[in-house]
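Following this note's numbering, the numbering of the sequence shown begins with 40 at its first residue and continues without gaps. Ideal placement from N, C-alpha and C gives every residue a C-beta, glycine not left out. The structure presented is a predicted model; accordingly, all values stated were derived computationally and were not measured. Reading through the structure tokens given below for one structure.
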Amino acid sequence: MPQRAATIVGGGIGGLAAAIALHRRGWRVEVLERAPEFTEIGAGISLWPNALRALEALGLADAVSALGAVEAAGGVRDRRGRWLSRTDNAELARRFGHPLTVLHRADLLRALTQALPAESLRPGSEVSAVHDDGHRPVVGHGGGQSRPDLVIGADGLRSVVRRALWPDAAGPRYAGYTAWRMVTDPLPQPPAEGAATWGRGERFGYTALPGGRMYCFATASLPAGAASASSEYAELLRRFGSWPDPVPALLAAVPADAVLRHDLYDLPPLPSFVHGRIALLGDAAHAMTPNLGQGACQALEDAVTLAHCLDSTPDVTAALRSYDLLRRPRTQAITRRSARLGALGQLSWPPAVLLRDTAARLTPTRATLRSMTPVLGWTAPDDRTTATQSETH
Numbered sequence: 040m041p042q043r044a045a046t047i048v049g050g051g052i053g054g055l056a057a058a059i060a061l062h063r064r065g066w067r068v069e070v071l072e073r074a075p076e077f078t079e080i081g082a083g084i085s086l087w088p089n090a091l092r093a094l095e096a097l098g099l100a101d102a103v104s105a106l107g108a109v110e111a112a113g114g115v116r117d118r119r120g121r122w123l124s125r126t127d128n129a130e131l132a133r134r135f136g137h138p139l140t141v142l143h144r145a146d147l148l149r150a151l152t153q154a155l156p157a158e159s160l161r162p163g164s165e166v167s168a169v170h171d172d173g174h175r176p177v178v179g180h181g182g183g184q185s186r187p188d189l190v191i192g193a194d195g196l197r198s199v200v201r202r203a204l205w206p207d208a209a210g211p212r213y214a215g216y217t218a219w220r221m222v223t224d225p226l227p228q229p230p231a232e233g234a235a236t237w238g239r240g241e242r243f244g245y246t247a248l249p250g251g252r253m254y255c256f257a258t259a260s261l262p263a264g265a266a267s268a269s270s271e272y273a274e275l276l277r278r279f280g281s282w283p284d285p286v287p288a289l290l291a292a293v294p295a296d297a298v299l300r301h302d303l304y305d306l307p308p309l310p311s312f313v314h315g316r317i318a319l320l321g322d323a324a325h326a327m328t329p330n331l332g333q334g335a336c337q338a339l340e341d342a343v344t345l346a347h348c349l350d351s352t353p354d355v356t357a358a359l360r361s362y363d364l365l366r367r368p369r370t371q372a373i374t375r376r377s378a379r380l381g382a383l384g385q386l387s388w389p390p391a392v393l394l395r396d397t398a399a400r401l402t403p404t405r406a407t408l409r410s411m412t413p414v415l416g417w418t419a420p421d422d423r424t425t426a427t428q429s430e431t432h
């Protein structure tokens, strides 16, 4: 059989993972990234057990895990610093095969790019047009035109591929709150446990990174596009500087110019992730809020599942239909679940906050872990039966 070719639009986590999965199956791949280099300006990223199983399927789980940190435990606290719920990472690993691992996004992206041949990576290649002429898809970009057997749109929330092939689909919808992300300088005594502290219309969370650093994030219910009166760092100090320990100490260890702020969006459900020989993957297909820490995890699942479907039949369009049937119900359900958790975390009416916190305090840890089984219990598809069961439970 002649070597098949794939063009991946977008050089983020999902696009690179898809390229690796196909490259290792003998495909000729090119990854078109509009930025001048393959890099990531984000902060931390949480890799839950399902993501690490996807990385296992790519042969990268050990290498990526070595770049991250594993905390003993974590959980949720109320505005006064009292624990509402706690999770033992050892129990998480016992139930799901891997612990929660946190690393810097740039380190994960570097590990993914290093797993591909340099000639597959094409930075500075902005895509201008994508269409399917009924025979082969066509991708117009800065380097000319590509006519591969398969196009994967992994170009994020405001995907060029999605707009070109799904012009009538609803655009991103604002979740109602903005987020700040930051990484501290190394701390002499970093917190032993991570936590997300829930306030009234605000949250602040932190978790360990290697080298004594902490990844911190915060949210506040604000109109889309709102800007801080001074700096984003000053805004964080104003909002969270008097929150329970260790929040003030963590903020003091954050470089003032290292705070990232982004309004949070998700995507309304698409009727399909595929169009002929073109497939959407990751945020381009199912952008979700970060409340479950599943955005990148689901993109990794997408990549492994897509490669498996393409392995199962030489008919690319049939393989993409299988991919759509496997991935769309699961990812859209997780998108909804993440949105619900975000709405709960952002409650601001005092009686509702009291009810939320009381319910969280009374929920047994084992019940919380059991409720996460449909998300974290995913396994990489080895055959059609395993794929169907693991994607839909």
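Range of the contiguous alpha helix (DSSP H) that encloses residue i
{"i": "PRO287", "result": "286-291"}
{"i": "GLY54", "result": "52-62"}
{"i": "GLU69", "result": "Taken as a continuous stretch (DSSP letters only), GLU69 belongs to no alpha helix (DSSP H), being part of the beta strand (DSSP E) at 67-72."}
{"i": "SER198", "result": "Segment: none, SER198 is in no alpha helix (DSSP H) and carries neither H nor E."}
{"i": "ARG405", "result": "404-410"}
{"i": "PRO88", "result": "88-96"}
{"i": "ARG277", "result": "271-279"}
{"i": "GLY416", "result": "Looking at the DSSP string, GLY416 is not in any alpha helix (DSSP H), and its letter there is neither H nor E."}
{"i": "ASP101", "result": "100-104"}
First through last residue of the beta strand (DSSP E) which encompasses residue i
{"i": "SER167", "result": "166-171"}
{"i": "PRO227", "result": "Careful: PRO227 lies outside any beta strand (DSSP E) and carries neither H nor E."}
{"i": "ALA208", "result": "Segment: none, ALA208 is in no beta strand (DSSP E) and carries neither H nor E."}
{"i": "ALA257", "result": "253-259"}
{"i": "THR152", "result": "No beta strand (DSSP E) holds THR152; the alpha helix (DSSP H) holding it covers 144-153."}
{"i": "ALA157", "result": "Here ALA157 belongs to no beta strand (DSSP E), and DSSP marks it neither H nor E."}
{"i": "ALA45", "result": "44-48"}
{"i": "LEU319", "result": "317-319"}
Residue j beta carbon less than 8 Å from that of residue i
{"i": "TRP66", "j": "LEU139", "result": "no"}
{"i": "TRP219", "j": "ARG144", "result": "no"}
{"i": "GLU69", "j": "GLY49", "result": "no"}
{"i": "THR412", "j": "SER124", "result": "no"}
{"i": "ARG316", "j": "ASP188", "result": "yes"}
{"i": "PRO162", "j": "PRO75", "result": "yes"}
{"i": "GLY192", "j": "LEU290", "result": "no"}
{"i": "TYR213", "j": "ASP302", "result": "yes"}
{"i": "VAL343", "j": "ALA154", "result": "no"}
{"i": "ASP117", "j": "ASP396", "result": "yes"}
{"i": "SER260", "j": "GLY280", "result": "no"}
{"i": "PRO283", "j": "GLY120", "result": "yes"}
Simplified DSSP state of residue i, which is helix, strand or coil
{"i": "SER361", "result": "helix"}
{"i": "HIS325", "result": "helix"}
{"i": "ALA244", "result": "Note that residue 244 is Gly in the sequence shown here, rather than Ala. Here GLY244 sits in strand by DSSP."}
{"i": "HIS137", "result": "coil"}
{"i": "HIS174", "result": "coil"}
{"i": "PRO390", "result": "helix"}
{"i": "ASP296", "result": "coil"}
{"i": "PHE312", "result": "coil"}
{"i": "THR425", "result": "Model confidence at THR425 stands at a pLDDT of 36, short of 50, so the residue's coordinates are unreliable and nothing is read from them."}
{"i": "ILE84", "result": "strand"}
{"i": "GLN184", "result": "strand"}
{"i": "GLY332", "result": "coil"}
{"i": "SER124", "result": "strand"}
{"i": "ASP354", "result": "coil"}
{"i": "GLU430", "result": "Because the pLDDT at GLU430 is just 41, under 50, the model does not fix this residue reliably, and the point stays unresolved."}
{"i": "VAL109", "result": "coil"}
{"i": "ALA234", "result": "strand"}
{"i": "THR397", "result": "helix"}
{"i": "ASP302", "result": "strand"}
{"i": "ALA132", "result": "helix"}
{"i": "GLY114", "result": "strand"}
Sequence-distant residues of the same chain with beta carbon closer than 6 Å to residue i, five excluded per side
{"i": "GLY107", "result": "THR140, VAL141, LEU142"}
{"i": "PRO176", "result": "VAL190, ARG316, ILE317"}
{"i": "GLY384", "result": "TRP237, ARG242"}
{"i": "GLN333", "result": "ILE373"}
{"i": "ALA292", "result": "THR223, ASP224, LEU226"}
{"i": "THR427", "result": "At THR427 the pLDDT is 37, less than 50, meaning the model places this residue with poor confidence; the figure from the coordinates comes in the next sentence. Around THR427: no qualifying Cβ."}
{"i": "LEU309", "result": "ALA208"}
{"i": "SER198", "result": "GLY192, ALA323"}
{"i": "LEU61", "result": "ALA45, VAL68, ALA346"}
{"i": "GLY136", "result": "PRO88"}
{"i": "SER311", "result": "ASP363"}
Contacts around residue i, its chain only, beta-carbon distance under 7 Å, and the 5 residues preceding and following it disregarded
{"i": "LEU331", "result": "ILE373, ARG376, SER377, LEU380, VAL414"}
{"i": "SER167", "result": "GLY179, HIS180"}
{"i": "PHE77", "result": "GLY50, LEU148, THR152, LEU160, PRO162"}
Proximal residues to residue i (C-beta, below 8 Å), its chain only, five neighbours per side dropped
{"i": "GLY244", "result": "GLY233, ALA234, ALA235, THR236, CYS255, PHE256, ALA257"}
{"i": "LEU196", "result": "PRO211, TYR304, LEU306, ASP322, ALA323, ALA326"}
{"i": "VAL298", "result": "TRP219, ARG220, MET221, SER270, GLU271, TYR272, LEU275"}
{"i": "HIS314", "result": "ASP171, LEU204, TRP205"}
The segment 348-362 touching the segment 322-334, judged by at least three CB pairs closer than 8 Å: With the cut-off at 8 Å, the segment 348-362 and the segment 322-334 do not touch.
Stretch-stretch touch, CB-based, cutoff 8 Å, three pairs: the segment 359-374 with the segment 74-91: Short answer: they don't touch.
The segment 236-251 / the segment 98-116 touching (three or more Cβ pairs under 8 Å): Taking 8 Å as the limit for Cβ pairs, the verdict is that the segment 98-116 does touch the segment 236-251.
Three CB pairs or more closer than 8 Å across the segment 214-228 and the segment 254-272: Short answer: they touch.
Sufficient close CB pairs (3 or more, under 8 Å) joining the segment 337-347 to the segment 90-105: The answer is yes - the segment 90-105 touches the segment 337-347, with three or more Cβ pairs under 8 Å.
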